[in-house]
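Note that this note's numbering numbers the sequence shown so that position 150 is 378, with each residue one more than the last.
Yeah, the Cβ is synthetic: ideal placement off N, Cα and C, and Gly gets one too.
All values reported here derive from a predicted model rather than from experimental measurement.
Structure first, then comments.
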Amino acid sequence: MISEEQFKEEITLIIANAIREDVGDGDHSSLACIPESATGKAKLLVKDEGIIAGVDFAELVFYFVDPNLKIEVLIKDGSPVSHGDIVFYVEGSSQSILKAERLVLNAMQRMSAIATKTNMFVNLLKGTGTKILDTRKTTPGIRALEKWAVKIGGGENHRFALYDMIMLKDNHIDFAGGITKAINKTKNYLKETGRDLKIIVEARDLEEIKEILESEGVYRILIDNFNYEDTREAVKLIGNTCLTESSGGINEKTIREYAECGVDFISSGALTHSVYNLDLSLKAV
Numbered sequence: 229m230i231s232e233e234q235f236k237e238e239i240t241l242i243i244a245n246a247i248r249e250d251v252g253d254g255d256h257s258s259l260a261c262i263p264e265s266a267t268g269k270a271k272l273l274v275k276d277e278g279i280i281a282g283v284d285f286a287e288l289v290f291y292f293v294d295p296n297l298k299i300e301v302l303i304k305d306g307s308p309v310s311h312g313d314i315v316f317y318v319e320g321s322s323q324s325i326l327k328a329e330r331l332v333l334n335a336m337q338r339m340s341a342i343a344t345k346t347n348m349f350v351n352l353l354k355g356t357g358t359k360i361l362d363t364r365k366t367t368p369g370i371r372a373l374e375k376w377a378v379k380i381g382g383g384e385n386h387r388f389a390l391y392d393m394i395m396l397k398d399n400h401i402d403f404a405g406g407i408t409k410a411i412n413k414t415k416n417y418l419k420e421t422g423r424d425l426k427i428i429v430e431a432r433d434l435e436e437i438k439e440i441l442e443s444e445g446v447y448r449i450l451i452d453n454f455n456y457e458d459t460r461e462a463v464k465l466i467g468n469t470c471l472t473e474s475s476g477g478i479n480e481k482t483i484r485e486y487a488e489c490g491v492d493f494i495s496s497g498a499l500t501h502s503v504y505n506l507d508l509s510l511k512a513v
């Protein structure tokens with residue numbers, strides 16, 4: 229994963245771009261009818277059930293829009309919430325609160341949905357030793373928010389992007405002329421460029437597992453679209469040579485059985501691409 233400093237930079241870029249997109253040359257609805265000196269207070273109201281996420285992000289948004297806004301947090305990120313709960317109060321310039329409102333709601337509704345789904349998978353994996361991972365199947369432009377939400381829900385982050393880890397998938401392998409060639413070329417590339425990146429290699433069947441194991445330096449093997457029986461065999465073949473990850477259409481009905489095959493990780497794009505926003509609203513007090 230990227231560094232904490234890089235992550236913070238990503239969040240700052242998201243906020244700046246979202247405010248630019250939404251506010252433009254001014255929130256004319258507020259400017260037209262609310263005096264600049266007017267102050268007010270609003271509450272973040274929950275109208276749903278799930279895991280709340282994005283509270284810390286909301287604080288960053290309010291501070292970006294107006295450092296003088298005051299936020300009183302009642303429920304922290306990662307906490308279960310239900311209909312009628314108040315997550316926080318924000319107080320200060322009425323114009324500033326309204327300027328930040330939509331970004332705060334859009335982000336928190338989606339982040340909370342992701343955290344809620346992730347938490348469901350985490351609970352399904354309890355006692356297995358297997359961890360749930362996200363993927364790069366995220367909404368363009370707000371990946372940092374969605375991966376943050378996965379962490380809040382109790383999951384783990386996979387690589388952040390194309391630049392922070394090597395992942396040799398089927399197309400890389402085929403274009404490179406095979407697994408061994410792809411791995412060797414990768415090692416040479418890393419040596420020549422002075423990069424220290426972990427290598428994950430995807431396997432489509434047990435024979436590819438065996439071929440990957442002939443090469444040293446692989447951090448994790450991606451056991452992709454295997455059935456339960458072949459997954460168990462793959463885990464047995466790999467042993468302690470490297471870490472294991474199952475992927476490919478795994479859902480809440482199948483995740484437990486894949487975990488019981490002994491894999492270290494299960495990755496699921498559904499954590500970020502198939503969620504329904506949690507219903508939240510910001511109401512004037």
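- Here K236 is exposed: its Cβ has fewer than 16 other Cβ atoms, across all protein chains shown, within 10 Å.
- Per the coordinates, the alpha-carbon of H400 lies some 13 angstroms from the alpha-carbon of R432.
- In its chain, beyond the 5 residues on either side, V283 have a beta carbon closer than 7 angstroms to the beta carbon of K304.
- When beta bridges are read from the DSSP output, F493 appears opposite K359 and E473.
- Straight-line spacing of the CA atoms in I494 and V513 works out to 44 angstroms.
- Cβ-Cβ separation between A343 and I380: approximately 5 angstroms, consistent with a contact (criterion under 8 angstroms).
- Under the three-state reduction of DSSP output, M229 falls in the coil class, being neither helix nor strand.
- Checking the DSSP bridge columns, you'll see A512 partnered with A270.
- Residue state for V503 is assigned as coil, using DSSP reduced to three classes.
- In the displayed model, E442 falls within coil according to three-state DSSP, outside both helix and strand.
- V503 is positioned such that its CB atom lies closer than 9 angstroms to that of R338.
- V332 and L510 do touch by the CB rule: their CB atoms are close to 7 angstroms apart, below 8 angstroms.
- Counting along the chain, the unbroken alpha helix (DSSP H) around I325 starts and ends at S322 to L352.
- By the C-beta criterion, the stretch 389-404 is judged not to be in contact with the stretch 271-278, since fewer than 3 inter-stretch pairs fall below 8 angstroms.
- Minimum Cα-Cα distance from L259 among the listed residues G422, S474 and S324 corresponds to S324.
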